[in-house]
Structures are given as structure tokens and as C-alpha cells.
Amino acid sequence: MQNPHNAFDLCPDVTGVILAGGRSRRMGRDKATLEIGGQTLFERTLTMLQGIFSRVLIAGDRPDLATAQVPCVPDIYPGSALGGLHAALKAAATPWVFVTPCDLPYPDELLIRLMLDHREGHEVVVPRTPQGLEPVFALYHKNCLPLMEEMLRQGDYRIYDFYPQVRVHHLDVQILSADWQRALLNLNTPEDLRRLKKESLMSPPVVSIVAKSGTGKTTLLEKLITEMKSRGYRVGAVKHDAHSFSIDHEGKDSWRMTQAGADTMLITSPEKIAMVKQNNRAEEPPLTETIQTYFNDVDIVLTEGFKRSAMPKIEVHRRERSPRLLCRGEEHDSTLFAVASDEPLELDVPVYDINDAKGLCDLITECFLS
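Just so you know, the sequence shown maps onto residues 1 to 370 in the UniProt record's numbering.
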């Protein structure tokens, strides 16, 4: 069974909302512009939301973050997260909004899609963890708007005070995605940021090679791996397959073990080890989880695909394949940091010759391994 949510499905009746109107008092600086892994927290959240929703807006008076495609909405009742949610819900052209704060370093698409699956018959869908409700990482229907407005007029700013008057679905930890704690982690203080950056240094950096099919992703990836290995780096590689695949041959012992129901099956030899591991409920785990689990012995991981991930990307471009880039044009992917092209391009990121693996490796080394 394949995941029913194709990576390119966009939800048309929900607007993604980034809460970015707070003053970041405890952090002492604007949390939206804090950088993790070469991206601001705002950019990481925006990239993730644009992979799920056809409309995204910013709740808060933030023209510095806004674009023509992603407008900002100032609070009608300023001074609280509820005020931001109210303004966004009032401005949204869709019956639903999904709201998230701008200070989540590891936003998780699977968790959000799980919440979308549970909204039928309800007006609020909100995670409930041992620490309590997560009202600023939740789905809200337009029916909530009059109740929110009445609360704000009365000076009540606690989002969940109107919950008893609407149909609420609580998502408990038993059905949340496996890494819900990581997905709901937020940054409030300088110490939180220092701790996170220290932890992030323990994981290898990841660079995704993306392109339209038939453009030459694998060819470039092979050259990059060869070049990085020649420089003495330990390199991991991940190939993304949007469909089901099998590396077992029918009738072989390993195939028979997997068919019998083994959740994890290993083949070992003096030269190599191979593993077949079944994904729970046919759901592909987040790329960050895969990297942390299987690549702690390498210096860098190069992936093929993962267009919708929040990882830094190099796009491969061939004019005869398509005049348009995946990451520039209708979409502006803030994680793009270089392009490998067979023609000159005027872009806001460096453009290399499609065969210049050495130059691209120089850039990768400078950005992620220095």
C-alpha cells in the first residue's frame, strides 16, 4: 500500500498560516530570522507549508517577510497569538486554516497531513501531549471566528477558552507521528538555540540534488560522490522513490524472510551489509529521521530527489528538458543554493556548468564542511 498523500498534493481548502507577530522578548532577537542549517526558521516553515497548501500567509505585521505570493496580515486585535490567528482566519479565503509558530526548527509534513485526515466533522484539530494542548499548531475552521472575536473584545487571549463551544478533535500521542516531540520543539531562549545548534552539529549535513525526470540528477550525483571521495570525505547517498520498490529477488532466502513478515531483515558479509526495513503503515519516515538513524558515520549525505524537503538543494537544469526551473519561477524555494545548468542563467544563486563537479564540491565544502 502506498502513502495516499503524494508529495505534490496541495490542499485547496486550507490556508497555511505562520504566526510571526510576536516580539521574541525571551530570545532577545527576532526568532523568525534565526538560522538553522543555513536557513531561517521562517524559511524552513514556509518551504514546508508551501508543499502542503496552495495558499500561505503570515499572521502579523511583517512586510519584511511578506511577498506577493505570501502576504502578511496585521492583527486587528494586536498583542497575542489569538489576535494573529483571528486576523488570519478572517483574511483567509478558505474555510480552514492551519496555524503554526515561526520558531519550529523541524516542522513535520507528516504530522500536519495526519491532522488534515482527522478534521471531518470537527471545527478544531489540535495535538494533545503530556505537556498539554498545542493550540498554535492546529487546524481551525471559520466557524470559530465569531467566538474568537468575542473573546478578544473581552480581553481574553487564551486560544483554547472557546474550545468547549465548538467540536474539537484531540490528537493524542498514541496516534501522532513517531517524531512528534521533535516536530513540536520550539525555540524561546538563547539557551534553546545554543543547545539546538550543538545537537545539529552531531548530524551530517545533507544536500539534495533535484531536477525534473530525465535531466541528469543521477549522473551529477555520481560525479559529486566521486569528487567528494577523492577529497577524503565519507559520503552517504539516498535515492528517493515516490513509488514502491523491491531490492529482493523472488525465491531468495532474504525475499522469503521478508515475505514471511520480518519487519527488519539484514544480509551481512565480510564486504558489506544490506537491510530491508518495512515502514510502519506504509508511511515514509521524514528524511531527517532517516539521516539520523543510518548516516551517523559519514561526513555528508547527498540525496537524489526530496524536492519538497527543507534541505539545501542543488537543481540540475537542461534547456531541452524544460525552460523552467523547479525551484525558481512559480515557486521560489528558499533552500536552493546552486544550479548546475547546460546554459547560462541569471539567478539569485550561483550557476555552475552541469559537468562542473569540482566547482560544486568546492561550494558544498565551503558551505557545509568548513
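Note that the Cβ used here is the ideal one computed from N, Cα and C, for glycine as well.
Non-local beta-carbon contacts of residue 84 in its own chain, meaning distances under 6 Å to residues more than five positions away in sequence, involve 19, 21, 59, 60, 75 in chain order.
Under the 10 Å beta carbon count, residue 127 is surrounded by 16 or more other beta carbons and is classified as buried. For residue 212, there is no enclosing beta strand (DSSP E), as DSSP marks it with neither H nor E. Taking the C-beta atoms as reference points, residue 227 is found no nearer than 7 Å to residue 90.
Out of 158, 10, 132, the CA that lies nearest to the CA of residue 116 is found in 10. Of all alpha-carbon atoms in 122, 191, 300, 355, the one lying nearest the alpha-carbon of residue 367 is that of 300.
In this structure, DSSP gives residue 165 a helical state, which the three-state scheme calls helix. Beta-bridge analysis with DSSP links residue 270 to no other residue.
Taking C-alpha positions only, residue 365 is separated from residue 205 by approximately 10 Å. Assignment of beta-bridge partners to residue 170 by DSSP yields 126. In the structure shown, residue 108 adopts coil according to DSSP, grouped into three states.
Counting along the chain, the unbroken alpha helix (DSSP H) around residue 288 starts and ends at 287-294.
Residue state for residue 352 is assigned as strand, using DSSP reduced to three classes.
With distances taken between CA atoms, residue 322 lies nearest to 216 out of 103, 257, 138, 216.
Taking the Cα of residue 342 as reference, the smallest distance to any Cα among 144, 352, 100, 264 is reached at 352. A contact is defined here as three or more CB-CB pairs under 8 Å, and the segment 180-196 meets this definition with respect to the segment 93-106.
Residue 39 has 36 as its beta-bridge partners, per DSSP. Annotated as distal: residue 320 and residue 210, with beta-carbon spacing of 7 Å or more. Only exposed fits residue 175, as fewer than 16 other CB atoms lie within 10 angstroms of its CB.
Bounds of the alpha helix (DSSP H) holding residue 89 are 81-91. For residue 362, there is no enclosing beta strand (DSSP E); the enclosing alpha helix (DSSP H) has its first and last residue at 357-364. Here residue 161 has 151 as same chain residues with Cβ atoms under 7 Å from its own Cβ, once five neighbours each way along the sequence are excluded.
Exclusion of the five residues before and after residue 93 leaves 15, 55 as the residues of its chain whose Cβ lies within less than 8 Å of its Cβ.
Judged by DSSP in its simplified three-state form, residue 256 adopts helix.
By DSSP's assignment, residue 300 forms a beta bridge with 235.
When C-alpha distances from residue 236 are compared across 293, 285, 193, the shortest belongs to 293. For residue 182, the enclosing alpha helix (DSSP H) has its first and last residue at 180-183. Following the DSSP letters along the chain, one finds residue 315 inside the beta strand (DSSP E) bounded by residues 313-317.
Checking the DSSP bridge columns, you'll see residue 336 partnered with 313. According to the DSSP assignment, residue 153 belongs to no beta strand (DSSP E) but to the alpha helix (DSSP H) extending over 145-153.
Residue state for residue 208 is assigned as strand, using DSSP reduced to three classes.
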